[in-house]
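I have placed the structure first, in the form of structure tokens, so that the comments after it can refer back to it.
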Amino acid sequence: MKLKQIKMYAKLLVVLVIAALASSEIIRIPLKKQTNHGQRRLRNIARNGLRSRFGGQGVVPLVNEYDLDYYGEIGVGTPPQKFNVIFDTGSTDLWVPSAKCTIYSGQQNGCQNHKQYDSSKSSTYEANGKSFYIQYGSGELSGFLSEDSVEIAGLAIKNQIFAEATDETSQSFVTSTFDGILGLAYPQLSKEKNPPVFQNLISQGVVDKPVFSFYLSLSANNDKGELLLGGSDSKYYKGDFAYSPVSRKLYWQVTAQGISVDNHNLCQNGCEAVIDTGTSLIYGPTEDVEVINKAIGAQFDYSEGVYTINCNTDLSNLPDVVFAFGGKKFAIPAEAYIVKDSGICVSSFLPQEFFLSGFDWLVGDSFLKTVYTEFDFGQNRIGFAELA
Numbered sequence: 001m002k003l004k005q006i007k008m009y010a011k012l013l014v015v016l017v018i019a020a021l022a023s024s025e026i027i028r029i030p031l032k033k034q035t036n037h038g039q040r041r042l043r044n045i046a047r048n049g050l051r052s053r054f055g056g057q058g059v060v061p062l063v064n065e066y067d068l069d070y071y072g073e074i075g076v077g078t079p080p081q082k083f084n085v086i087f088d089t090g091s092t093d094l095w096v097p098s099a100k101c102t103i104y105s106g107q108q109n110g111c112q113n114h115k116q117y118d119s120s121k122s123s124t125y126e127a128n129g130k131s132f133y134i135q136y137g138s139g140e141l142s143g144f145l146s147e148d149s150v151e152i153a154g155l156a157i158k159n160q161i162f163a164e165a166t167d168e169t170s171q172s173f174v175t176s177t178f179d180g181i182l183g184l185a186y187p188q189l190s191k192e193k194n195p196p197v198f199q200n201l202i203s204q205g206v207v208d209k210p211v212f213s214f215y216l217s218l219s220a221n222n223d224k225g226e227l228l229l230g231g232s233d234s235k236y237y238k239g240d241f242a243y244s245p246v247s248r249k250l251y252w253q254v255t256a257q258g259i260s261v262d263n264h265n266l267c268q269n270g271c272e273a274v275i276d277t278g279t280s281l282i283y284g285p286t287e288d289v290e291v292i293n294k295a296i297g298a299q300f301d302y303s304e305g306v307y308t309i310n311c312n313t314d315l316s317n318l319p320d321v322v323f324a325f326g327g328k329k330f331a332i333p334a335e336a337y338i339v340k341d342s343g344i345c346v347s348s349f350l351p352q353e354f355f356l357s358g359f360d361w362l363v364g365d366s367f368l369k370t371v372y373t374e375f376d377f378g379q380n381r382i383g384f385a386e387l388a
């Protein structure tokens with residue numbers, strides 16, 4: 001694939017593979033990371049933009065594809081039909097490809113290349129039929145709503161409304177390894193205003209606490225991560241969580257108390273940041289992004305629309321970029337914010353080439369893989385902790 005494809009995936013990337021490890025206390029969804037294979041996709045992500053969507057415990061294993069995507073497995077229907085989905089804190093709805101996928105002449109449709117949900121094979125399917133449509137920065141997705149059981153880590157959610165995607169024209173869907181997206185943002189963000197998956201987990205008593213947490217491995221040699229539904233796991237972090245209250249109950253949006261690199265202090269009066277597991281990179285105000293990239297020695301490549309740095313650069317000599325949340329500073333090392341892409345090394349910091357309503361920064365996995373993150377619906381806050 002060509003360089004153009006970094007931005008196409010930027011908003012479609014973070015995610016999990018669901019392991020069937022469940023107890024009355026925790027649902028674990030293991031994550032696995034695939035590193036550095038065919039990473040030209042990353043440049044597509046940056047160039048083509050973000051998508052414009054703005055009890056007990058369980059654990060879901062996560063897979064990291066090309067050091068960009070974290071996805072996991074769920075089941076839909078009875079018996080469960082398996083799908084790899086992005087577990088996305090930047091959206092709310094659940095969709096998977098449909099067996100009623102539209103066939104086009106001379107044009108690929110993403111749902112053709114992936115696992116497809118077939119309602120005729122499920123004994124718990126209920127028809128809904130309402131049309132469904134989402135516009136993304138790199139394409140669009142449409143289909144219709146259905147209702148069925150959804151299985152996560154061996155635990156079933158009954159009567160979950162979700163979308164069957166019949167048209168996925170975006171190239172990012174056509175070439176992706178994940179099948180669909182499972183949103184974990186606030187219900188108010190729902191396109192169709194139906195109860196999202198996690199809210200149904202809570203209301204049906206599947207999890208004890210309205211909390212979930214992410215561990216996304218920083219090490220290139222560690223291909224595993226984990227999503228926990230219903231709590232957090234202290235083996236992944238040290239010290240206490242630094243909690244930031246949610247400033248707007250739509251996305252997982254909090255106030256960053258500062259951003260710095262070298263002697264440059266940005267966001268001195270605080271700035272609004274959306275914490276998004278469905279975004280691989282970090283997007284911010286153009287002027288601030290320019291300051292950061294200049295400080296780390298990255299130069300803008302006008303032909304590709306990304307900031308690049310010489311791959312022979314010793315990353316240990318580059319400065320950390322520091323974000324402050326909940327009264328604590330968290331450093332992002334160069335090994336996290338520089339991504340190798342088929343011989344080209346790309347900075348994770350990109351200017352927002354889209355309209356951000358109500359927030360300044362979109363903070364994705366380049367930051368999240370350096371911390372352990374807890375999302376708390378009960379107290380409307382996000383906790384950040386240092387990795388163990």
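The sequence shown begins at 1 in UniProt numbering and counts up by one. Glycine included, C-beta positions come from ideal geometry on N, C-alpha and C. All of these numbers come straight from a predicted model, not from anything done at the bench.
Legend entry - Cross-strand partners of residue 73 (DSSP beta bridge): In the DSSP assignment, the residues bridged to residue 73 are 84.
Legend entry - Contact set for residue 347: own chain, Cβ-Cβ below 6 Å, skip 5 residues either direction: Excluding residues within five positions, the ones whose Cβ falls inside 6 Å are 293, 298 and 307.
Inset, instruction - Quickly, what does DSSP pair residue 329 with across the bridge? List them, please. - result: Partner(s): 324.
Legend entry - Cross-strand partners of residue 227 (DSSP beta bridge): Secondary-structure assignment with DSSP links residue 227 through a beta bridge to 29 and 214.
Inset, instruction - Using three-state DSSP, classify residue 236 as helix, strand or coil. - result: Reduced to three states, the DSSP call for residue 236 is helix.
Legend entry - Anticipated Cβ contact below 8 Å, residue 445 with residue 86, distance rounded: In the structure as shown, the chain begins at 1 and stops at 388. Residue 445 is therefore absent and cannot be evaluated.
Legend entry - Burial state of residue 165 (16 or more Cβ within 10 Å): So residue 165 counts as buried.
Legend entry - Spatial neighbours of residue 74 in its chain, beta-carbon cut-off 7 Å, leaving aside the 5 residues before and after: Closer than 7 Å at Cβ, skipping near neighbours: 18, 83, 85, 150, 151, 152 and 182.
Inset, instruction - Counting only the same chain and skipping the five closest in sequence on each side, list residues whose C-beta sits under 6 Å from that of residue 115. - result: Correct list, in chain order: 83 and 179.
Inset, instruction - For the beta strand (DSSP E) containing residue 116, list its first residue and its last residue. - result: Per DSSP, residue 116 lies in no beta strand (DSSP E) and is assigned neither H nor E.
Legend entry - DSSP three-state assignment for residue 205, whether helix, strand or coil: In the three-state DSSP reduction, residue 205 falls in the coil class, being neither helix nor strand.
Inset, instruction - Can you grab the Cα-Cα spacing for the pair residue 283 / residue 309, in whole Å? - result: The alpha-carbon atoms of residue 283 and residue 309 are separated by roughly 18 Å.
Legend entry - Uninterrupted alpha helix (DSSP H) stretches inside the stretch 267-306 (no shorter than 4 residues): You should have 286-295.
Legend entry - Beta bridge counterpart(s) of residue 339 as assigned by DSSP: Bridge partners of residue 339: 346.
Legend entry - Closest Cα partner of residue 60 within the set 104, 227, 162 and 191: Checking every option, the nearest Cα to that of residue 60 belongs to 227.
Legend entry - residue 162 - partner residues in DSSP beta bridges: The partner list for residue 162 (beta bridge, DSSP) reads 146.
Inset, instruction - In angstroms with no decimal places, state the Cα-to-Cα distance between residue 53 and residue 251. - result: With a pLDDT of only 41 at residue 53, under 50, the local geometry of the prediction cannot be trusted, and the value read off the model is given with reservation. Each residue's Cα considered, the two are about 10 Å apart.
Legend entry - Three-pair Cβ contact test at 8 Å for the stretch 237-244 versus the stretch 108-127: With a cut-off of 8 Å, the stretch 108-127 and the stretch 237-244 do not count as touching, because too few Cβ pairs lie within range.
Inset, instruction - Mind checking which residues open and close the beta strand (DSSP E) that includes residue 171? - result: Element bounds for residue 171: not the beta strand (DSSP E) but the alpha helix (DSSP H), 171-175.
Legend entry - residue 359 in three-state terms, based on DSSP: Coil, per DSSP.
Legend entry - C-beta contact flag for residue 146 and residue 119 at 8 Å: Yes; because the gap between Cβ atoms is below 8 Å, this pair is in contact.
Legend entry - Cβ-based burial, residue 327 [other Cβ within 10 Å; buried from 16]: The residue is exposed, with fewer than 16 neighbouring Cβ atoms inside 10 Å.
Legend entry - Option nearest residue 388 by Cα separation, candidates 203, 91, 217 and 126: Minimum Cα distance to residue 388 is reached at 217.
Inset, instruction - Give a yes or no on whether the C-beta atoms belonging to residue 157 and residue 201 are separated by under 8 Å. - result: Yes, they are a contact pair.
Legend entry - Distance between residue 316 and residue 257 (C-alpha atoms, nearest Å): Counting only the Cα atoms, residue 316 lies some 26 Å from residue 257.
Legend entry - With 16 other Cβ atoms within 10 Å as the buried cut-off, status of residue 167: Buried, by the Cβ-count rule.
Inset, instruction - Just the C-alpha distance for residue 379 and residue 184, rounded to the nearest angstrom, thanks. - result: Approximately 16 Å between the Cα atoms of the pair.
Inset, instruction - Take the Cβ of residue 97 as the centre, count every other Cβ of all protein chains shown within 10 Å, and call the residue buried at 16 or more, exposed below. - result: Looking at its Cβ environment, which holds 16 or more other Cβ atoms inside 10 Å, residue 97 is buried.
Inset, instruction - Give the straight-line distance between the Cα atoms of residue 241 and residue 100, rounded to the nearest whole angstrom. - result: One C-alpha to the other measures close to 45 Å.
Inset, instruction - With DSSP collapsed to three states, give me the class of residue 129. - result: Reduced to three states, the DSSP call for residue 129 is strand.
Legend entry - residue 314, DSSP secondary structure in three states: Residue 314 falls in the coil class under three-state DSSP.
Inset, instruction - Determine the extent of the alpha helix (DSSP H) in which residue 384 is found, giving its start and end residues. - result: Careful: residue 384 lies outside any alpha helix (DSSP H), inside the beta strand (DSSP E) at 381-387.
Inset, instruction - Would you check if the stretch 356-369 and the stretch 268-279 touch, i.e. whether three or more CB-CB distances between them fall below 8 Å? - result: Flag = yes, the stretch 268-279 and the stretch 356-369 touch.
Inset, instruction - Give the single residue among 58, 335, 369 and 329 whose Cα lies nearest to the Cα of residue 206. - result: Ranking the options by Cα distance to residue 206, first place goes to 58.
Inset, instruction - Classify residue 194 as helix, strand or coil using the three-state DSSP reduction. - result: Here residue 194 sits in coil by DSSP.
Legend entry - For residue 200, three-class secondary structure by DSSP: DSSP places residue 200 in the helix class (H, G or I) of the three-state scheme.
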